[in-house]
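Okay, structure first, notes after.
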Amino acid sequence: EVQLVESGGGLVRPGRSLRLSCEGSGFNFDEYAIQWVRQPPGKGLEWVSGIDWNSRSIAYADSVKGRFNISRDNARVYLQMNGLRSEDTALYYCAKTTGLSLYYSLDVWGQGTTVTVSS
Amino acid sequence: IVVTQSPATLSVSPGERATLSCRASQSIASNLAWYQQRPGQAPRLLISGASTRATGTPDRFSGSGYGTEFTLTISSLQSEDFGVYYCQQYNKWPPGTFGQGTKVEIK
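Protein chains in written order, with the working numbering: chain A, 1 to 119; chain B, 1001 to 1107.
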């Protein structure tokens, strides 16, 4: 079964850091780009960041640029989140693209991991 | 690039037709996807390439459009179709811009 599983979420104080992890199974992880998408409570989807198959193309939303860092290693993609703010509170999904680059649709999604930023 | 969906909410009776719209601020060719999100669930890919149904998408769902104007049509709404629908462009930077969603609710 093709699957993505996120982990690493939790409750954190403003200004602190968290590292999210996304583990893939059931497919050749190295052949696909992976994206992070978040959903604040009761709101819509917001694209956060993406990394292509060989880590040569990386993108960030303006809202997280300079604070978040995406990387990949083996069958995992990581999202290092620094300088967290209350507006980063959301359910974070990782999703697999249908191709090598970032410019594809997202055909497999994890169930998400919750990040809550609060003092 | 900005992606705008309309309407924000669509009230439809089971068995009726539903038409959802998505507009991009710049031409994105056919690089548009539609996702369905049911309450408490992760989004699910319905359509990519503006009109190609994903594996498992029922044929009552159809997508159309090119450039800046796109439409998702559900020909005869079933109870499991109620939820929120998002379009997403993957042609321009940044590579994953979503619309704000259209909630399809029971009339």
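Cβ atoms here follow ideal geometry from the backbone N, Cα and C, with glycine treated the same way.
Exercise for review: Please confirm if the stretch 14-30 of chain A is in contact with the stretch 1047-1054 of chain B, defined as three or more CB-CB distances below 8 Å between the two stretches.
Suggested key: no
Review point. Beta-carbon of glutamate 31 of chain A versus every beta-carbon of chain C: anything under 8 Å?
Key: No chain C appears in this structure, whose protein chains are A and B.
Review point. Quick one: does glycine 1056 of chain B have its CB under 8 Å from some CB of chain A?
Key: As a working note, residue 1056 of chain B is residue 56 in the second sequence. It does not: the Cβ of glycine 1056 of chain B has no partner Cβ on chain A nearer than 8 Å.
Review point. Any idea if glutamine 1041 of chain B is buried or exposed, counting beta-carbon neighbours within 10 angstroms, 16 or more meaning buried?
Key: Locating residue 1041 of chain B in the second sequence gives position 41, counting from the first residue. Exposed: under 16 other Cβ atoms inside 10 Å.
Exercise for review: Spell out whether any CB of chain B is found under 8 Å from the CB atom of arginine 80 of chain A.
Suggested key: Here residue 80 of chain A is taken as the residue at index 80 of the first sequence, counted from 1. The residue you asked about is not arginine; residue 80 of chain A is glutamine in the sequence shown. No, glutamine 80 of chain A does not count as interfacial toward chain B.
Review point. Is the distance from the Cβ of tyrosine 60 of chain A to the Cβ of tyrosine 1090 of chain B below 8 Å?
Key: Locating residue 60 of chain A in the first sequence gives position 60, where the first residue counts as 1. Locating residue 1090 of chain B in the second sequence gives position 90, where the first residue counts as 1. No, the Cβ-Cβ distance between tyrosine 60 of chain A and tyrosine 1090 of chain B is not below 8 Å.
Practice item. Just the C-alpha distance for threonine 1004 of chain B and tyrosine 1066 of chain B, rounded to the nearest angstrom, thanks. Key: The sequence position of residue 1004 of chain B within the second sequence is 4, counting from 1. The sequence position of residue 1066 of chain B within the second sequence is 66, counting from 1. About 15 Å.
Check your understanding: So is serine 1048 of chain B buried or exposed if we call it buried at 16+ other beta carbons inside 10 Å?
Key -> If you number the second sequence from 1, residue 1048 of chain B lands on position 48. Serine 1048 of chain B comes out buried.
Exercise for review: Locate the beta strand (DSSP E) running through glycine 24 of chain A, then write down its first and last residues.
Suggested key: The residue labelled residue 24 of chain A in the question sits at position 24 within the first sequence. Segment 18-25, the beta strand (DSSP E) holding glycine 24 of chain A.
Review point. Taking C-alpha atoms, which residue in A/Gly15, A/Ala90 and A/Tyr32 lies nearest to valine 108 of chain A?
Key: As a working mapping, residue 108 of chain A is identified with position 108 in the first sequence. Comparing Cα positions, the closest option is A/Tyr32.
Exercise for review: Grab me the residues of proline 14 of chain A's own chain with a C-beta within less than 8 Å of its C-beta, minus the 5 sequence neighbours each way, in chain order.
Suggested key: One-based indexing of the first sequence puts residue 14 of chain A at position 14. Here the set comprises Leu84, Arg85, Ser86, Val117, Ser118 and Ser119.
Review point. Any idea which residues DSSP pairs glutamine 39 of chain A with across the strands?
Key: Taking the first sequence and counting its residues from 1, the one referred to as residue 39 of chain A is at position 39. Paired residues: A/Leu91.
**Study point:** chain B residues whose Cβ lies nearer than 8 Å to that of tyrosine 103 of chain A
**Key:** Residue mapping note: residue 103 of chain A aligns to position 103 of the first sequence, counting from 1. Near tyrosine 103 of chain A (Cβ distances below 8 Å), the residues of chain B are Asn1031, Tyr1090, Asn1091 and Pro1095.
Exercise for review: Measuring only between beta-carbons, confirm whether tyrosine 1086 of chain B sits less than 8 Å from chain A.
Suggested key: By 1-based counting over the second sequence, the position of residue 1086 of chain B is 86. Yes, because at least one Cβ of chain A sits closer than 8 Å to the Cβ of tyrosine 1086 of chain B.
Check your understanding: Whose C-alpha, out of B/Gly1063, B/Cys1022, B/Phe1061 and B/Thr1071, is nearest the C-alpha of threonine 1097 of chain B?
Key -> Here the question's residue 1097 of chain B lines up with position 97 in the second sequence. Per the Cα distances, B/Cys1022.
Check your understanding: Between the C-alpha atoms of asparagine 69 of chain A and glycine 110 of chain A, what's the straight-line distance to the nearest angstrom?
Key -> As a position in the first sequence, residue 69 of chain A is number 69, starting the count at 1. As a position in the first sequence, residue 110 of chain A is number 110, starting the count at 1. One C-alpha to the other measures close to 19 Å.
Review point. Does the stretch 28-46 of chain A touch the stretch 62-81 of chain A, meaning 3 or more C-beta pairs lie closer than 8 Å?
Key: yes
Practice item. Please confirm if tryptophan 53 of chain A has its CB atom under 8 Å from at least one CB of chain B. Key: Residue 53 of chain A sits at position 53 when you count from the first residue of the first sequence. Judged by the 8 Å Cβ criterion, tryptophan 53 of chain A is not in contact with chain B.
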